Amino acid sequence: MDIVVETDRLGKRYGRTWALQECSLHLPAGRVAALVGPNGAGKSTLLHLAVGLLRPDAGTVRVFDSAPYDNTTVLAEIGFVAQDTPLYRDFTAAELITMGAKLNRRWDAALARRRLAQLGIPPDRAVGTLSGGQRAQVALALALAKRPRLLLLDEPVARLDPLARREFLQSLMGSVAESGTTVLLSSHLLADLERVCDYLIVLHASRVQLAGGVDELVAEHKQLVGPRHGNDPVAGVAAVLRASHTDRQSTLLVRTNANIDDPRWTVHEVTLEDLILAYLAEGETQSSHEAWGVPA
Amino acid sequence: MIEFVLDGRSKVNTYMQLVQQVKQALRVGLLEPGDQLPKVRDVALALAINPNTVLKAYRELEIEGLAEGRPGVGTFVKRSLAGASLPNQAKLREDLVVWLHQAQAAGLTPEDITALMETTMRATLAENAVSGRPP
Chain A
1 MDIVVETDRL GKRYGRTWAL QECSLHLPAG RVAALVGPNG AGKSTLLHLA
51 VGLLRPDAGT VRVFDSAPYD NTTVLAEIGF VAQDTPLYRD FTAAELITMG
101 AKLNRRWDAA LARRRLAQLG IPPDRAVGTL SGGQRAQVAL ALALAKRPRL
151 LLLDEPVARL DPLARREFLQ SLMGSVAESG TTVLLSSHLL ADLERVCDYL
201 IVLHASRVQL AGGVDELVAE HKQLVGPRHG NDPVAGVAAV LRASHTDRQS
251 TLLVRTNANI DDPRWTVHEV TLEDLILAYL AEGETQSSHE AWGVPA
Chain B
297 MIEFVLDGRS KVNTYMQLVQ QVKQALRVGL LEPGDQLPKV RDVALALAIN
347 PNTVLKAYRE LEIEGLAEGR PGVGTFVKRS LAGASLPNQA KLREDLVVWL
397 HQAQAAGLTP EDITALMETT MRATLAENAV SGRPP
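From first to last, the protein sequence lines stand for chains A and B. Everything in the first sequence is counted per the working numbering, starting at 1 for the first residue and increasing by one. Everything in the second sequence is counted per the working numbering, starting at 297 for the first residue and increasing by one.
Structural data, given as structure tokens:
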């Protein structure tokens, strides 16, 4: 399987604070990957490292098998839409397409024009006067005009209303179907991710908590409900992520490595959202207990 | 051509929802052998879902022998699920309507009816399997 993005113990530090630490992951080609985590988890930092805007302070990042920092060859293969889709606000969409043609080696201006025409976006108005949804569509069209083999999107839909969000994801999925581009997008909106992504990376407290194919991850995690459970291991359970107990009953969210055959446990499937929340919550309690200097 | 819809609240995988919708359409005769399934790009665009999910659903249908991919053209229905039962369904439906009216007259609520159906179906089909009668 081709690997598009590969990081090995990657780290980035701002002053004395590590924004990203010990980050090791790989993203296979052809996937649409979600990068999930709370604000400040290191999502933007990871994306900026992957697009070569930042230089690593530890470890390595490789995109299409080369280091992206100060590397214009690999840059031609990467499309990047930064947070809040920054564009030159006084330029019209048509002017931005012309500009892109002058700044890029590979540029499909016809593709960008066709996309924007389909969406009914005016070519002759300053993009600063367009709606947020339309601006996001312009930014996406520009990124896709590069015909990138990897598309990185930092919170592309966070500021959009539900309709604009849906329209943006529709355009994105339509173009992924046409081009087969690998996508890595960061987002908070878990419900959208479930439809759009087939690969998941959970970042929390500047570390990777979980990474893998969505179907595999969802399949190997289960919720177990059964009689009050001590600390004795349950056959088939690799790790307990979350446990809550009443005097008679225990509810566990677990990662499994085999079927749970023990008849005392009722096994429930989990959704992607359950899974992400469990991993985020796990990082949360650990770090806050530490910060307050109280035992967990 | 059919159009897919997604139940966002369902716990069923997106790709499985697509598979089930095709099968349902095959069962009721909405899709017939030779019909083309919606293009992957169109489904991804319409539902804002990952095209890999659509591909996975179509591959599943191919594995089950219900559909076949023609490179560069699309995916087509190969076999129907309605089979010989489709013409009989109208008559069976009439019988069922009569029975449902009887059940209602006897004071059964819709939940009672569903429960009775399910338990009876399980018991009867299990019996048939043991005695070797056709299901």
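C-beta atoms are modelled at their ideal positions from N, C-alpha and C, and glycine is treated no differently. Source: prediction; values computed, not measured.
Quiz item: Does R149/A come within less than 8 Å of chain B when only Cβ atoms are used?
Solution: As a position in the first sequence, residue 149/A is number 149, starting the count at 1. Not an interface residue.
Practice problem: Classify V369/B as helix, strand or coil using the three-state DSSP reduction. | Solution: Position 73 of the second sequence holds residue 369/B. It is coil, neither helix nor strand.
Exercise. Can you tell me the Cβ-Cβ gap for S179/A and E155/A, rounded? I've got them flagged as a contact below 8 Å.
Key: As a first step, residue 179/A is located in the first sequence; it is residue number 179 there, counting from the start. As a first step, residue 155/A is located in the first sequence; it is residue number 155 there, counting from the start. Not quite, the Cβ-Cβ distance comes to about 22 Å (not below 8 Å), so this is no contact.
Exercise. Measure the alpha-carbon distance for Y14/A versus G293/A and round it to whole angstroms.
Key: In the first sequence, counting from the first residue as 1, residue 14/A sits at position 14. In the first sequence, counting from the first residue as 1, residue 293/A sits at position 293. C-alpha separation (whole angstroms): 24 Å.
Self-check item: Three-state secondary structure (DSSP) of F168/A
Solution: To locate residue 168/A, count along the first sequence from 1; it is residue 168. Reduced to three states, the DSSP call for F168/A is helix.
Practice problem: Given a cut-off of 8 Å, decide if L35/A and I276/A are closer than it, judged by their beta-carbon atoms. | Solution: Walking along the first sequence from the start, residue 276/A turns up at place 276. Walking along the first sequence from the start, residue 35/A turns up at place 35. The answer is no: Cβ separation not under 8 Å.
Quiz item: So is D198/A buried or exposed if we call it buried at 16+ other beta carbons inside 10 Å?
Solution: Stepping through the first sequence from its first residue, residue 198/A is reached at position 198. With 16 or more other Cβ atoms within 10 Å, it is buried.
Self-check item: N347/B: first and last residue of the uninterrupted alpha helix (DSSP H) it sits in
Solution: Along the second sequence, one-based indexing puts residue 347/B at 51. According to the sequence shown, residue 347/B is Pro rather than Asn. Residues P347 to I359.
Quiz item: Who are the neighbours of L217/A on chain B, taking C-beta pairs under 7 Å?
Solution: One-based indexing of the first sequence puts residue 217/A at position 217. Correct list: empty, because the minimum Cβ distance to chain B is about 13 Å.
Self-check item: Pair within 8 Å by beta-carbon distance, G59/A and D70/A
Solution: As a position in the first sequence, residue 59/A is number 59, starting the count at 1. As a position in the first sequence, residue 70/A is number 70, starting the count at 1. No, the Cβ-Cβ distance between G59/A and D70/A is not below 8 Å.
Quiz item: So is M99/A in contact with chain B if we call contact Cβ pairs under 8 Å?
Solution: Translated into positions along the first sequence, residue 99/A becomes position 99. Closer than 8 Å: no.
Quiz item: For A238/A versus L252/A, is the C-beta spacing smaller than 8 Å?
Solution: Residue numbering aside, residue 238/A sits at position 238 when the first sequence is read from its first letter. Residue numbering aside, residue 252/A sits at position 252 when the first sequence is read from its first letter. No, Cβ-Cβ distance for A238/A and L252/A is not below 8 Å.
Practice problem: If I'm right that L297/A touches V61/A with Cβ under 8 Å, what's the distance once you round it to whole angstroms? | Solution: Residue 297/A lies beyond the range of chain A shown here (1 to 296); nothing can be said about it.
Quiz item: Beta-carbon of P334/B versus every beta-carbon of chain A: anything under 8 Å?
Solution: Position 38 of the second sequence, counted from the start, is the residue given in the question as residue 334/B. So, not an interface residue.
Quiz item: Going by DSSP, what residues sit across from N266/A in a beta bridge?
Solution: The count along the first sequence starts at 1 and reaches residue 266/A at position 266. The sequence given here places Thr at residue 266/A; Asn does not occur at that position. Answer is V225/A.
Quiz item: Looking at C-alpha atoms only, which residue of L333/B, A399/B and A402/B is the closest neighbour of V373/B?
Solution: Mapped onto the second sequence, residue 373/B falls at position 77. That would be L333/B, whose Cα lies nearest to the Cα of V373/B.
Self-check item: Distance, K387/B Cα to T266/A Cα
Solution: Taking the first sequence and counting its residues from 1, the one referred to as residue 266/A is at position 266. Taking the second sequence and counting its residues from 1, the one referred to as residue 387/B is at position 91. Each residue's Cα considered, the two are about 41 Å apart.
Quiz item: Per DSSP, Q332/B forms a beta bridge with which residues?
Solution: Taking the first residue of the second sequence as 1, we reach residue 332/B at position 36. In DSSP, Q332/B forms a bridge with F372/B.
Quiz item: Does the count of Cβ pairs from the region 19-38 of chain A and the region 199-218 of chain A closer than 8 Å reach three?
Solution: yes
Self-check item: DSSP state of E364/B mapped onto helix, strand, coil
Solution: Along the second sequence, read from residue 1 onward, the residue named residue 364/B stands at position 68. It is a strand residue.
Exercise. Taking 8 Å as the cut-off, decide whether the C-beta atoms of E356/B and G365/B are in contact.
Key: Here residue 356/B refers to the residue found at position 60 of the second sequence. Here residue 365/B refers to the residue found at position 69 of the second sequence. Contact: no.
Quiz item: If you scan the region 9-36 of chain A from start to end, which runs of the beta strand (DSSP E) of 3 or more residues do you find wholly inside it?
Solution: 17-28 and 32-36
Quiz item: Enumerated in chain order, which unbroken segments of the beta strand (DSSP E) with a length of 3 residues or greater are wholly contained in the region 186-213 of chain A?
Solution: 199-204 and 207-213
Exercise. Please report the Cβ distance between R165/A and I345/B, rounded to the nearest whole angstrom; I am assuming they are in contact, meaning their Cβ atoms lie under 8 Å.
Key: Within the first sequence, numbered from 1, the residue matching residue 165/A stands at position 165. Within the second sequence, numbered from 1, the residue matching residue 345/B stands at position 49. Actually they are not in contact, since the Cβ atoms of R165/A and I345/B sit about 14 Å apart, beyond 8 Å.
Quiz item: Where do the N-terminal and C-terminal ends of the beta strand (DSSP E) with I121/A fall, by residue?
Solution: Indexing the first sequence from 1 puts residue 121/A at position 121. Counting along the chain, I121/A falls outside any beta strand (DSSP E), and DSSP gives it neither H nor E.
Quiz item: Does any residue of chain A bring its CB to less than 8 Å from the CB of T310/B?
Solution: Here residue 310/B corresponds to residue number 14 of the second sequence, with the count starting at 1. For T310/B, the answer is yes, since a Cβ of chain A falls inside 8 Å of its Cβ.
Quiz item: Looking only at DSSP bridge pairs, what is G79/A linked to?
Solution: For the purposes of this step, residue 79/A is taken as residue 79 along the first sequence, with counting starting at 1. Answer by DSSP bridge pairing, in chain order: L151/A.
Quiz prompt | Where the alpha helix (DSSP H) through S323/B begins and ends | solution = Counted from its first residue, the second sequence places residue 323/B at position 27. The residue you asked about is not Ser; residue 323/B is Arg in the sequence shown. First-last of the alpha helix (DSSP H) with R323/B: T310 to R323.
Quiz item: For the region 160-178 of chain A, which residues have a beta carbon sitting closer than 7 Å to at least one beta carbon of chain B?
Solution: R166, L169, Q170, M173, G174, V176, A177 and E178
Practice problem: Just tell me which of G213/A, V234/A and V214/A has its CA closest to the CA of Q223/A. | Solution: The residue given as residue 223/A occupies position 223 in the first sequence. Taking only the C-alpha atoms, the option nearest Q223/A is V234/A.
Practice problem: Could you say which of P162/A, A158/A and A112/A lies nearest to A139/A if we only look at CA atoms? | Solution: Mapped onto the first sequence, residue 139/A falls at position 139. It is A112/A whose Cα lies nearest to the Cα of A139/A.
Quiz item: Which residue comes first and which comes last in the beta strand (DSSP E) that contains G132/A?
Solution: As a position in the first sequence, residue 132/A is number 132, starting the count at 1. Taken as a continuous stretch (DSSP letters only), G132/A belongs to no beta strand (DSSP E), being part of the alpha helix (DSSP H) at G132 to A145.
Quiz item: By Cβ distance below 7 Å, which residues in the same chain neighbour L314/B in space, the five residues on each side in sequence not counted?
Solution: The count along the second sequence starts at 1 and reaches residue 314/B at position 18. Cβ within range, chain order: F300, V350 and A353.
Quiz item: Considering L103/A, what are the terminal residues of the alpha helix (DSSP H) in which it resides?
Solution: For the purposes of this step, residue 103/A is taken as the residue at position 103 of the first sequence. Residues A93 to L103.
Exercise. Step through the CB atoms of chain A and report whether any lies within less than 8 Å of the CB of T371/B.
Key: Taking the second sequence and counting its residues from 1, one reaches residue 371/B at position 75. Taking Cβ atoms only, chain A never reaches closer than 8 Å to T371/B, which makes this a no.
Exercise. Could you spell out the range, first to last residue, of the beta strand (DSSP E) harbouring S66/A?
Key: Here residue 66/A refers to the residue found at position 66 when the first sequence is read from its first residue. No beta strand (DSSP E) contains S66/A, which DSSP labels as neither H nor E.
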